[in-house]
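Numbering (my numbering), first residue to last: 3 to 700. All C-beta atoms in this analysis are idealised placements derived from N, C-alpha and C, irrespective of residue type, glycine included. None of the values given here were measured: they were computed from a predicted structure.
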């Protein structure tokens with residue numbers, strides 16, 4: 003019996019962790035295929051690193067909210083199972099690295115003691131639901147989007163409709179028209195609105211970055227708040243059924259929308275309405291509507307040694323809240339990395355002197371909330387001791403960066419090394435820019451854009467430059483990207499490629515040119531548009547020459563070894579398993595889960611598990627016949643063509659009519675019972691057919 007079993011109160015969570023532990027043992031014994039096991043562990047936040055034999059653990063923190071207790075728990079876990087480093091991601095998660103696979107179940111169990119999950123932090127599922135880090139305190143927000151992000155996170159966690167999709171799915175909430183939640187980059191983006199006195203959202207759909215960025219398009223200019231969960235469910239159902247499952251690079255929602263068009267997609271959404279779990283979901287905001295409580299403590303007496311530095315810090319890093327006399331403090335976190343010794347002290351500070359809560363930001367920073375005006379000097383002194391008063395929160399001096407070749411399998415060039423170098427350039431040579439918030443710099447180690455380089459004012463993408471028989475680390479320079487607000491944005495233009503060691507010179511050229519030639523009050527974007535891409539290409543062209551490279555140009559930032567392009571297998575989307583036996587086993591497991599959900603009176607869940615059993619079973623026998631389909635919808639159609647129309651398999655109706663009962667009936671007890679029985683009967687039929695074919699083949 004596993005030691006952590008009795009310590010977890012939630013039986014669903016307990017079962018989940020025990021399953022991971024059991025599957026690890028089966029994998030080590032060679033009883034589970036590597037691809038199948040990879041899919042399972044990714045759905046539980048366990049991600050393979052670039053380094054052999056260790057895992058990255060992604061901790062899912064909805065809308066970036068972390069309490070002092072949770073932060074201390076994460077610190078304990080990092081110290082015990084990792085190396086004491088915490089990495090904030092651009093989706094408000096925390097990652098820890100170099101974890102042994104065998105220890106991941108007990109690590110997860112420790113986190114769950116403070117209501118922290120790993121579930122669906124990776125893999126083909128709904129990823130962390132993000133939101134503006136200022137949600138609930140922003141002076142311009144119509145209402146706090148935090149409870150809505152929280153409700154969406156909870157509703158779709160472990161929900162059968164989004165466990166094994168063709169690709170990941172990202173959702174964001176923005177508190178104001180400034181769109182700090184970046185709705186235009188998400189599969190679904192919600193922007194808070196009030197219309198005729200009702201709370202609701204502008205809804206954006208189909209955005210994404212990666213090698214082929216797409217801007218989300220408007221789905222609704224206003225959708226009432228009680229309809230956002232039903233809408234999300236219907237979108238996920240359509241994406242699950244019609245989304246690409248064979249070609250990974252085309253498997254995101256943005257490509258499905260591009261292929262079928264928004265009108266056809268909306269028609270499919272409407273066809274799902276009858277099958278939804280609920281037609282409306284009223285979201286309880288009461289826990290978020292309570293007055294802010296801040297500990298009543300004696301104000302510590304502190305002495306500010308440098309008043310100018312303190313005033314600059316307040317200008318750069320302190321934000322006035324909508325709550326009277328309360329402020330939020332931004333902490334600029336270089337590379338998103340901070341360590342458990344400082345994190346524990348931060349946890350103590352917010353517990354005793356603030357609102358016992360931080361929010362992690364999409365720019366890999368920390369926002370302390372609910373600090374009294376009179377405590378700002380005290381916080382400045384205490385944060386200064388921790389190195390947490392660097393100027394430039396959410397400014398040009400606050401560079402976003404992915405881990406790159408440090409730990410990621412897909413990294414081509416170092417993103418963290420060049421980020422450190424550029425931050426030093428900005429700090430030492432451009433101190434006047436400490437509060438310049440109309441330029442953002444973002445860096446990714448490859449084309450996949452985890453550092454969001456292709457939506458930056460100034461972006462750098464790690465790449466490889468080939469020079470005869472050698473390779474040097476390089477940077478693609480991109481300019482002119484930005485979030486424009488209210489669901490609109492623009493992507494950066496690819497301008498030129500330069501050797502990575504010339505990245506600092508490229509940044510200097512850009513900033514010096516802007517400082518010298520921009521008109522008064524002209525923003526960087528306006529300046530870029532006025533001058534045009536060709537102007538900046540010519541400006542940077544001298545840096546692109548590869549005829550005069552030095553030895554150091556062949557060594558990447560942060561390394562002492564000669565550069566080698568080395569790319570592993572990416573795990574961001576999991577893997578689709580096309581093994582007949584595995585698919586049949588999956589179908590059987592789904593039938594068991596359907597019956598379990600039915601016994602718990604979860605009719606919608608039971609029906610969807612039955613639906614998945616139908617599809618997996620059909621796919622298994624199609625593959626056995628060397629017939630392939632790349633979506634669930636095409637599997638259903640192809641099964642009719644190959645088996646029903648040829649009478650190889652006989653059903654009382656077409657397979658399409660049998661399966662698609664799912665969106666023609668309300669999710670009630672009678673239909674769930676009937677549908678599960680039909681799915682079990684179908685499974686028996688295909689098992690019998692498969693057995694007969696195996697005998698024939700023998």
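Handout entry: Same chain, Cβ closer than 7 angstroms to residue 34, neighbours up to 5 away in sequence not counted
Key = Counting from 1 along the chain shown, the entry for residue 34 is found at position 32. Close CB contacts of residue 34 within its chain, under the 7 angstroms cut and outside five residues either way in sequence, are with 25, 28 (chain order).
Handout entry: Enclosing beta strand (DSSP E) for residue 475 [first to last residue]
Key = Within the chain shown, numbered from 1, the residue matching residue 475 stands at position 473. It spans 472-481 - the beta strand (DSSP E) in which residue 475 sits, taken as one unbroken run.
Problem - C-alpha distance - residue 194 paired with residue 674, whole-angstrom precision - result: Looking up residue 194 in the chain shown gives position 192. Looking up residue 674 in the chain shown gives position 672. Looking at the two C-alpha atoms, the distance is approximately 36 angstroms.
Exercise for the section: Name the one or two DSSP bridge partners that residue 465 has. Expected result: In the chain shown, the residue the question calls residue 465 occupies position 463. The partner list for residue 465 (beta bridge, DSSP) reads 476.
Exercise for the section: Can you give me the start and stop residues for the beta strand (DSSP E) that residue 205 sits inside? Expected result: Within the chain shown, the letter at position 203 stands for residue 205. Residue 205 -> beta strand (DSSP E) spans 200-207.
Problem - Span separating the alpha-carbon of residue 589 from that of residue 642 - result: Reading the chain shown from its first residue, position 587 is the one you call residue 589. Reading the chain shown from its first residue, position 640 is the one you call residue 642. Taking the straight line from one Cα to the other gives about 18 angstroms.
Handout entry: Identified DSSP bridge partners for residue 431
Key = Your numbering for residue 431 matches position 429 in the chain shown. For residue 431, DSSP assigns no beta-bridge partner whatsoever.
Practice task
Tell me where the beta strand (DSSP E) around residue 1 begins and ends.
Solution key: This structure does not reach residue 1, given that the chain is present from 3 up to 700, and the question cannot be answered.
Exercise for the section: Grab me the residues of residue 692's own chain with a C-beta within less than 8 angstroms of its C-beta, minus the 5 sequence neighbours each way, in chain order. Expected result: The residue given as residue 692 occupies position 690 in the chain shown. So the list reads 582, 586, 622, 623, 626, once near-sequence residues are dropped.
Handout entry: Host beta strand (DSSP E) of residue 329 (start-end)
Key = Numbered from 1 along the chain shown, position 327 holds the residue referred to as residue 329. Here the beta strand (DSSP E) through residue 329 covers 328-333.
Handout entry: Sequence-distant residues of the same chain with beta carbon closer than 7 angstroms to residue 403, five excluded per side
Key = Along the chain shown, one-based indexing puts residue 403 at 401. Hits under 7 angstroms: 337, 417, 418, 421, 445, 453.
Problem - CA-to-CA distance, residue 206 to residue 687, given in whole angstroms - result: Counted from its first residue, the chain shown places residue 687 at position 685. Counted from its first residue, the chain shown places residue 206 at position 204. So the two alpha carbons sit approximately 43 angstroms from each other.
Handout entry: Contacting residues, own chain, Cβ-Cβ under 6 angstroms from residue 142 (five flanking each side not counted)
Key = If you number the chain shown from 1, residue 142 lands on position 140. Excluding five sequence positions before and after residue 142, the CB atoms of its chain that fall closer than 6 angstroms to its own CB belong to 178, given in chain order.
Problem - Cα-Cα separation between residue 681 and residue 440, rounded to whole angstroms - result: Walking along the chain shown from the start, residue 681 turns up at place 679. Walking along the chain shown from the start, residue 440 turns up at place 438. One C-alpha to the other measures close to 57 angstroms.
Practice task
Grab me the residues of residue 379's own chain with a C-beta within less than 8 angstroms of its C-beta, minus the 5 sequence neighbours each way, in chain order.
Solution key: Counted from its first residue, the chain shown places residue 379 at position 377. Excluding residues up to 5 positions away in sequence, 304, 306, 312 lie with their Cβ nearer than 8 angstroms to the Cβ of residue 379 in the same chain.
Exercise for the section: Measure the Cβ-Cβ separation of residue 638 and residue 615 and say whether it is below 8 angstroms. Expected result: If you number the chain shown from 1, residue 638 lands on position 636. If you number the chain shown from 1, residue 615 lands on position 613. No, they are not a contact pair.
Problem - residue 449, DSSP secondary structure in three states - result: As a working note, residue 449 is residue 447 in the chain shown. Three-state DSSP puts residue 449 in coil, outside helix and strand.
Practice task
Would you kindly check if the distance between the Cβ of residue 500 and the Cβ of residue 541 is under 8 angstroms?
Solution key: By 1-based counting over the chain shown, the position of residue 541 is 539. By 1-based counting over the chain shown, the position of residue 500 is 498. Result no, Cβ atoms of residue 541 and residue 500 do not sit closer than 8 angstroms.
Exercise for the section: Quick one: residues in its chain with C-beta nearer than 7 angstroms to the C-beta of residue 671, no 5 flanking neighbours on either side, listed in chain order? Expected result: Counting from one through the chain shown, the residue named residue 671 turns up at place 669. Once the five neighbours on either side are set aside, the close Cβ partners of residue 671 are 605.
Practice task
May I have a chain-ordered list of the alpha helix (DSSP H) segments no shorter than 4 residues that lie completely inside the stretch 36-74?
Solution key: Every unbroken stretch of the alpha helix (DSSP H) spanning 4 or more residues and falling wholly within the stretch 36-74 is given here in chain order: 36-44.
Problem - Where residue 578 sits in the DSSP three-state scheme - result: Start at 1 with the first residue of the chain shown, and residue 578 comes out as number 576. Because the pLDDT at residue 578 is just 37, under 50, the model does not fix this residue reliably, and the value given afterwards should be weighed accordingly. Three-state result, residue 578: coil.
Exercise for the section: Quick one: using the 10 Å Cβ neighbour count with 16 as the cut-off for buried, is residue 8 buried or exposed? Expected result: To locate residue 8, count along the chain shown from 1; it is residue 6. For residue 8, the pLDDT reaches just 46, beneath the cut-off of 50, and the residue's location in the model is therefore unreliable, although a value from the coordinates is still provided. Exposed: under 16 other Cβ atoms inside 10 Å.
Problem - Boundaries (first-last residue) of the alpha helix (DSSP H) holding residue 373 - result: If you number the chain shown from 1, residue 373 lands on position 371. Not the alpha helix (DSSP H): residue 373 falls in the beta strand (DSSP E), residues 368-374.
Exercise for the section: Would you check if the distance between the CB atom of residue 68 and the CB atom of residue 360 is smaller than 8 angstroms? Expected result: Numbered from 1 along the chain shown, position 66 holds the residue referred to as residue 68. Numbered from 1 along the chain shown, position 358 holds the residue referred to as residue 360. Yes, the Cβ-Cβ distance between residue 68 and residue 360 is below 8 angstroms.
Practice task
Name, in chain order, the residues that DSSP records as bridge partners for residue 97.
Solution key: Position 95 of the chain shown holds residue 97. Paired residues: 60, 89.
Problem - Whole-angstrom C-beta distance between residue 81 and residue 317, which should lie under 8 angstroms - result: Locating residue 317 in the chain shown gives position 315, where the first residue counts as 1. Locating residue 81 in the chain shown gives position 79, where the first residue counts as 1. Their Cβ separation, rounded to whole angstroms, is 36 angstroms, which puts residue 317 and residue 81 out of contact at 8 angstroms.
Exercise for the section: For the stretch 367-378 and the stretch 107-116, state whether three or more C-beta atom pairs, one from each stretch, are separated by less than 8 angstroms. Expected result: In short, these stretches do not touch, since the Cβ pair count stays below three.
Practice task
With DSSP as the reference, label residue 692 as helix, strand or coil.
Solution key: Against the chain shown, residue 692 aligns to sequence position 690. If DSSP states are grouped into helix, strand and coil, residue 692 belongs with the helices.
Handout entry: Limits of the unbroken beta strand (DSSP E) element including residue 492
Key = As a first step, residue 492 must be located in the chain shown, where it is residue number 490. Membership of residue 492 in the beta strand (DSSP E) is indicated by the continuous run 490-492.
Practice task
Could you round the C-beta distance between residue 232 and residue 158 to whole angstroms and report it? I think they count as a contact, below 8 angstroms.
Solution key: Numbered from 1 along the chain shown, position 230 holds the residue referred to as residue 232. Numbered from 1 along the chain shown, position 156 holds the residue referred to as residue 158. Not quite, the Cβ-Cβ distance comes to about 12 angstroms (not below 8 angstroms), so this is no contact.
Exercise for the section: Tell whether a beta-carbon distance below 8 angstroms holds between residue 48 and residue 102. Expected result: Here residue 48 is taken as the residue at index 46 of the chain shown, counted from 1. Here residue 102 is taken as the residue at index 100 of the chain shown, counted from 1. In this structure, residue 48 lies away from residue 102, with their beta-carbon atoms at least 8 angstroms apart.
Practice task
Grab the span of the alpha helix (DSSP H) containing residue 606 for me, first residue to last.
Solution key: Here the question's residue 606 lines up with position 604 in the chain shown. Here the alpha helix (DSSP H) through residue 606 covers 605-626.
Problem - Which of helix, strand or coil DSSP assigns to residue 501 - result: Sequence index remark: in the chain shown, residue 501 carries index 499 (1-based). Reduced to three states, the DSSP call for residue 501 is strand.
Practice task
Check residue 1 in the structure and name its three-state DSSP category.
Solution key: Past the edges of the chain, shown from 3 to 700, lies residue 1, and the structure says nothing about it.
Problem - the stretch 234-252 / the stretch 158-175 touching (three or more Cβ pairs under 8 angstroms) - result: Contact between the stretch 234-252 and the stretch 158-175 is present, with at least three C-beta pairs closer than 8 angstroms.
Handout entry: residue 162 and residue 610 closer than 8 angstroms at C-beta
Key = The count along the chain shown starts at 1 and reaches residue 162 at position 160. The count along the chain shown starts at 1 and reaches residue 610 at position 608. In this structure, the beta-carbon distance from residue 162 to residue 610 falls below 8 angstroms.
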